[in-house]
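Which chain is which? The protein sequence lines are S, G and P, in order.
In terms of the numbering used here, the first sequence opens at residue -18 and continues consecutively.
In terms of the numbering used here, the second sequence opens at residue -18 and continues consecutively.
In terms of the numbering used here, the third sequence opens at residue -18 and continues consecutively.
Built from N, CA and C at the ideal position, the CB exists for glycine as well.
I have placed the structure first, in the form of structure tokens, so that the comments after it can refer back to it.
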Amino acid sequence: MTTTTRYDVTTWPHGDATDDIGAVINDIISAIKSDQREQHVGDGGKPGGVIYIPPGDYRLRTPVHVDISFLRIEGSGHGFTSSSIRFNVPAAEVGHLHELWPGGSRVLVDLPGDGALPPNERAAFVVARTGSPRISSVEFAGFCIDGLHFTGEGPGGNPENSYRNGRIGILAAEPNDSLRIIEMGVVYLEHGLWIEKADALTVHDNFIAECGNAIELREWGQATKVTDNLIGAGPNGHSIYAENHGGLLIAANNVFPRGSSSVHLTGVKRSSVTANRLHSFYPGMVIFDGGSSENLLGANHLLRDLEPWTPFFGVDNGIDDDYGLIRIEGDGNSIIGNHISEVVDPAGVRPAGAAPVIVRIATGVGNHIADNHTVASVVTATANDECFEGQVDALLSGGEADELAVTTVMVDAAARRNTILDSGRDDQVILDRRINAFRATPGIPTDSPEESL
Amino acid sequence: MTTTTRYDVTTWPHGDATDDIGAVINDIISAIKSDQREQHVGDGGKPGGVIYIPPGDYRLRTPVHVDISFLRIEGSGHGFTSSSIRFNVPAAEVGHLHELWPGGSRVLVDLPGDGALPPNERAAFVVARTGSPRISSVEFAGFCIDGLHFTGEGPGGNPENSYRNGRIGILAAEPNDSLRIIEMGVVYLEHGLWIEKADALTVHDNFIAECGNAIELREWGQATKVTDNLIGAGPNGHSIYAENHGGLLIAANNVFPRGSSSVHLTGVKRSSVTANRLHSFYPGMVIFDGGSSENLLGANHLLRDLEPWTPFFGVDNGIDDDYGLIRIEGDGNSIIGNHISEVVDPAGVRPAGAAPVIVRIATGVGNHIADNHTVASVVTATANDECFEGQVDALLSGGEADELAVTTVMVDAAARRNTILDSGRDDQVILDRRINAFRATPGIPTDSPEESL
Amino acid sequence: MTTTTRYDVTTWPHGDATDDIGAVINDIISAIKSDQREQHVGDGGKPGGVIYIPPGDYRLRTPVHVDISFLRIEGSGHGFTSSSIRFNVPAAEVGHLHELWPGGSRVLVDLPGDGALPPNERAAFVVARTGSPRISSVEFAGFCIDGLHFTGEGPGGNPENSYRNGRIGILAAEPNDSLRIIEMGVVYLEHGLWIEKADALTVHDNFIAECGNAIELREWGQATKVTDNLIGAGPNGHSIYAENHGGLLIAANNVFPRGSSSVHLTGVKRSSVTANRLHSFYPGMVIFDGGSSENLLGANHLLRDLEPWTPFFGVDNGIDDDYGLIRIEGDGNSIIGNHISEVVDPAGVRPAGAAPVIVRIATGVGNHIADNHTVASVVTATANDECFEGQVDALLSGGEADELAVTTVMVDAAARRNTILDSGRDDQVILDRRINAFRATPGIPTDSPEESL
């Protein structure tokens, strides 16, 4: 082999990666296309290459366009830090901060940030190639994509709290196979990962937080795994969203607020959401709609409590409490073996006086809701100036609180032939027992010494 | 330290890694053995080394023989692309393909490929050392092992569809400890990973597909994890197979077709198969036999539907539909909280007219089948010339289909003292209620308005 | 950029990493602090750096003090081997061993090892910075931390079996965010990972074994994931321990003996322990105490059997068999869908003649125990001189053994309003049915042919 296949953006002879890493990487990709014609071992292989981003700050003024298979772009640091906290620090304290920005191998996305532009003009990395075969085995590993600033209208008049800047971290726009996104830090982008038409995608062990939307699997796809990520989106955005996917595995993720939803599947079939820890501040945490069918929501921990941090206090996703913390509009889904904690202030429930609904089957047949345990308790909404400490305080509260009356399962009149087992006492479940099957979770005997306490 | 411990196959002064990477790596291993005698810090340490394979095509004509602990072989790209699709592209279109081969850091396995040869002569990488201690902490990370061609008799007369070439990717042939296989691409080998006598093995976040067999844990072993992999095997092969293992954890994998089985445990005890997404085209997806006992199959999503791709249309694994989609021959196993989707063409059911069986306990005592939800529906078998699109279409179909009558649980006369709870309605379960415990999933009231629809 | 951000401990011009890697890394950190002031792209970024440890033996005489964000320390080999087996090899055989020590990128912790010293004087790596923001995105990846020797009073008079030397692998002592510990080998330390005040910590895919304590999450924290690790602690230590955490996800770990407990949560709220494989030699495998509330233990496989290895034969954690294999002192927890195998020698049960208890709710209200399957069998305690082979033999035994009478669920008088469903037959559960809800697992009909066998 006469040429290297390992490239370092800081030693590439053309361009200046600190000024525009996008232009430099595009130039390297051009070189790989030329070089790899000479590298094969007699059978026409085109092995691609690896582009290394050492720790450092690299401005990106030009979208990277990945149109070759087997390209790996890797860094040595996911570099997350909370820009959200930083942008809400009182001005007088900013000078005392150890550092102001995310770090590691950090790509500073300096694109127009106009949500009206086509996606491929506002994405830091665009993976797209038409023709056959689909682009394969592109890998992103171990670096940071930082959208820098939010610029929309935010709560409290602070644009940095808006979660809007039009920017996209990674956009896959054409059919793709075996794409890998691992060990990345993705922060302060309106869309972290926007992946269309994926086959056997891996999104694993990333930190994708303080993005308007974290992971969006769009158009259609199959056999993908979204596993073991730390994820947090904005109040109006998706944490994990998928449309028209089959055989999707969402497992072992820790999804924290905000996020309008934690997991939203639309038109998704025969997929699995298992062993995740999901935390939201709003109703509609998990939504299976648009004909999402035969999916499993199993062995997850769901917590919905209240926003504790002053800058976002009172912000919500606009969804009422009777919408369902878990919302089903589809057939044949299984909701089995989940724990749900619901912690709300009765004064804030919408519609006023309603009992919050935990699982709501709005439409659909043949859904199976079994062996779920809901713990619902009352809290008084309180704002805390400290983000982290406030969240920990909220999480560690409870246990002593008053019980909150909730509807653990509601099956609408439009839904039928569903089965509800051991997921709420007789008085907690609302359904037409003539057209659905039901077995209540046994209650404490009503004449028990306990009941008379 | 006077010598390096980091080696690059492309800069090693002896041999030509593009012509025979096996010979080069063996030569490096010899050097490490000599070098590490000088590297210790006064206490006799033998730290091993790391061998780096940059992106590129490297032919392997000599099996690598790893007989030292602490050797890491790593690349910068798992390089998977679908050779199966490529080898079924019409000849006229091949010239229009962007690329023909897998890529990344790609090892081209050019070994005899004669299945009659001893395994260590047809394996690209052999990990084996006798004596004490067992070989420890060998690591394979981030490269591609490509078996190039299948050469047996394949469906439609195409040898490339045969999944047979005798070749093995990684063979561990002697007792080993803390072996790690991560972020690899393994493709077009008859046996991807063939690991014997493993203790605390890690097989994590790999892409092992289009192999005759994907992961085989042979002889015996313990305390291993097979997690977070994308896996697909051939119609006659194993996706995940283990024999005589204890304490095996199989979790968060996305196992797609074909694969004669998705998970097959034989003589395996006290192990766990949880939070996986499993997809097969045939009966016998999950098999616990050979006295497999006290294992947990929990919180998994299982889908069995029909082969949609023209080259393999009509191929199956030879197992009848009443064998059990999940087959138990052993004691004390738990099948809890799984979703199963079964989608078949009644015209193809074998024996003709039989109801497919979802869980079958053929032999064994004390098995516990609880809280599983089966959705069974009818489809008409149809071949599609497009592999990917056909699969997506099939996955996204359903929901509107007719219900298929199935036996959700069958307990054979040879089995006794098993417990079946909430895993099928009264009319869906076949067992001797005098010698097994049973509670049916409640049905819709028979006089309901729904029933008269 | 005028300076590198990638540092190699073996080429750093000051100090000798083989003699004291701690001093060398501290010197590099000082340099990064100076260098990064010049590296920013006009906006004040401080990107940190990456310090590389090639395979080799590196003595550590000075604790590393990490007080900058975005520092990654990485090696090329986790290097685990069993020192426990090695230190119990008969003297005559030691000379025949292939190697004596762990390897890979190996840090030899040569600190005083006096448990009375402050933790930061006996930790190899200390992550600590006061002020704002919290230290973020420090990463440890792919190397080995070896505590070398245990030095306390051990079973059989062998100090190497004591699991005590005061040494700590990684200590995080101040509030921290998005810390990552991945692909490490951690061995022969009294405390492997001691992490305080963590937010969004990742402990993923490590091998942490033969440590007094493996993972300790102390003080408080939130939104952390401990996933996909191989873990084993000493008889008196913690495998996975957390206090005052909220939103912790413990998933897909394979936790093997010894470990006084496998998972111990104290004061932990709204957290999740799912899809793990847990194996212990003692009662008290899983403990939720100190007001641990609203946690989920779901879809796990738990095995408790007996210590088979001669050097530790007869050693236990001092807990009686009626304490509960799973112990609950808290409110609103869910124990759903687990498999439990209990294998004990009746002659060794304490108190003598007692029935071992599987799940014990000692105090608390509103806990939900549903759909768990216990298999209990009798074994005769036997010592085996071979560690590995003995464990495998023990794991693969069973299935033929006599059934052991156990109490599958015991709810103490101090606990009330708990719900117990399908987790034991009527004769296996002890609770006050007036103040708790109960549904027994259906039994075999008492007049069945089976019963008369």
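{"Item": "Option in S:Gly265, S:Asn235, S:Asn276 and S:His245 with minimal Cα separation from S:Arg251", "Value": "S:Asn276"}
{"Item": "Selected residue, minimal CA-CA separation from P:Val70, among P:Ala386, P:Thr(-16), P:Asp24 and P:Asn142", "Value": "P:Asn142"}
{"Item": "Proximity below 7 Å, CB of P:Gly305 to CB of S:Trp82", "Value": "no"}
{"Item": "Boundaries of the beta strand (DSSP E) in which P:Gln203 is found, first to last residue", "Value": "Asn194 to Gln203"}
{"Item": "Cβ-based neighbour list, P:Ser274, same chain, cut-off 7 Å, excluding 5 preceding and 5 following", "Value": "Lys250, Gly311, Asp312, Gly313 and Asn314"}
{"Item": "Nearest residue (CA-CA) to G:Asp393, options G:Leu78, G:Thr(-9), G:Arg415 and G:Pro140", "Value": "G:Arg415"}
{"Item": "Short Cβ contact (7 Å threshold) for G:Leu198 with G:Asn235", "Value": "no"}
{"Item": "Endpoints, beta strand (DSSP E) assigned at S:Ile66", "Value": "Element bounds for S:Ile66: not the beta strand (DSSP E) but the alpha helix (DSSP H), Ser64 to Arg67."}
{"Item": "S:Asp38 to P:Ser50 span [Cα, whole Å]", "Value": "14 Å"}
{"Item": "Three CB pairs or more closer than 8 Å across the stretch 104 to 123 of chain P and the stretch 150 to 165 of chain P", "Value": "yes"}
{"Item": "Beta-carbon proximity list for P:Glu323, same chain, < 7 Å, skipping 5 on both sides", "Value": "Arg285, Leu306, Pro337, Ile339, Thr355, Ala357, Leu385 and Val387"}
{"Item": "C-alpha gap between G:Pro17 and G:Pro114, whole angstroms", "Value": "Strictly speaking, residue 17 of chain G in this sequence is Gln, with Pro absent from that position. For G:Gln17 and G:Pro114, the distance between alpha carbons rounds to 17 Å."}
{"Item": "Same chain, Cβ closer than 8 Å to S:Ala4, neighbours up to 5 away in sequence not counted", "Value": "Gly(-4), Arg42 and Thr43"}
{"Item": "Environment of G:Pro156 [buried if 16+ CB atoms lie within 10 Å]", "Value": "buried"}
{"Item": "Contacting residues, own chain, Cβ-Cβ under 6 Å from S:Ala223 (five flanking each side not counted)", "Value": "Leu198, Leu229, Leu246 and Val249"}
{"Item": "Rounded separation between P:Ser63 and P:Asn348 - CA only", "Value": "40 Å"}
{"Item": "Beta-carbon proximity check, G:Phe188 vs G:Phe61, cutoff 7 Å", "Value": "yes"}
{"Item": "Pair within 7 Å by beta-carbon distance, S:Gly318 and S:Ala280", "Value": "yes"}
{"Item": "Cβ-Cβ separation, P:Arg148 to P:Glu171 (assumed contact under 8 Å), whole Å", "Value": "6 Å"}
{"Item": "Simplified DSSP state of G:Ser253, which is helix, strand or coil", "Value": "strand"}
{"Item": "Any chain S beta carbon closer than 7 Å to G:Thr(-17)", "Value": "Caution is warranted here: a pLDDT of 46 is assigned to G:Thr(-17), below 50, making its placement in the model unreliable, and no coordinate value can be reported."}
{"Item": "Assigned exposure category for G:Glu80 - 16 Cβ within 10 Å defines buried", "Value": "buried"}
{"Item": "Anticipated Cβ contact below 8 Å, G:Pro100 with G:Leu152, distance rounded", "Value": "5 Å"}
{"Item": "Of the listed residues P:Gly218, P:Leu283 and P:Ala204, nearest to S:Leu377 (C-alpha basis)", "Value": "P:Ala204"}
{"Item": "Proximal residues, the stretch 53 to 74 of chain P versus chain G, C-beta separation under 8 Å", "Value": "Ser57, Gly58, His59, Gly60, Phe61, Thr62, Ser63, Ile66, Arg67, Val70 and Glu74"}
{"Item": "Where P:Val108 sits in the DSSP three-state scheme", "Value": "strand"}
{"Item": "Pairwise C-alpha distance: P:Val88 and P:Met165", "Value": "11 Å"}
{"Item": "Counterpart residues of S:Gly96 in DSSP-defined beta bridges", "Value": "In the DSSP output, where bridge partners are listed per residue, S:Gly96 has none listed."}
{"Item": "Cutoff 7 Å: G:His354 Cβ touching any chain S Cβ", "Value": "yes"}
{"Item": "Residues near S:Ile411 by beta carbon distance below 6 Å, same chain, minus five either side", "Value": "Thr388 and Met391"}
{"Item": "Cβ neighbours of S:Ile126 in the same chain (closer than 6 Å, five flanking residues each side left out)", "Value": "Val88, Ala105, Gly150 and Val167"}
{"Item": "Best match in P:Gln409, P:Ile425 and P:Asn225 for proximity to G:Arg398 [C-alpha to C-alpha]", "Value": "P:Ile425"}
{"Item": "Under the three-state DSSP convention, the category P:Ala(-2) falls into", "Value": "helix"}
{"Item": "P:Gly345 beta carbon less than 7 Å from that of P:Ala418", "Value": "no"}
{"Item": "Assumed close pair G:Gly371, G:Pro289 - CB separation to whole angstroms, cut-off 8 Å", "Value": "4 Å"}
{"Item": "Continuous alpha helix (DSSP H) stretch holding G:Phe369: start and end", "Value": "Cys368 to Leu377"}
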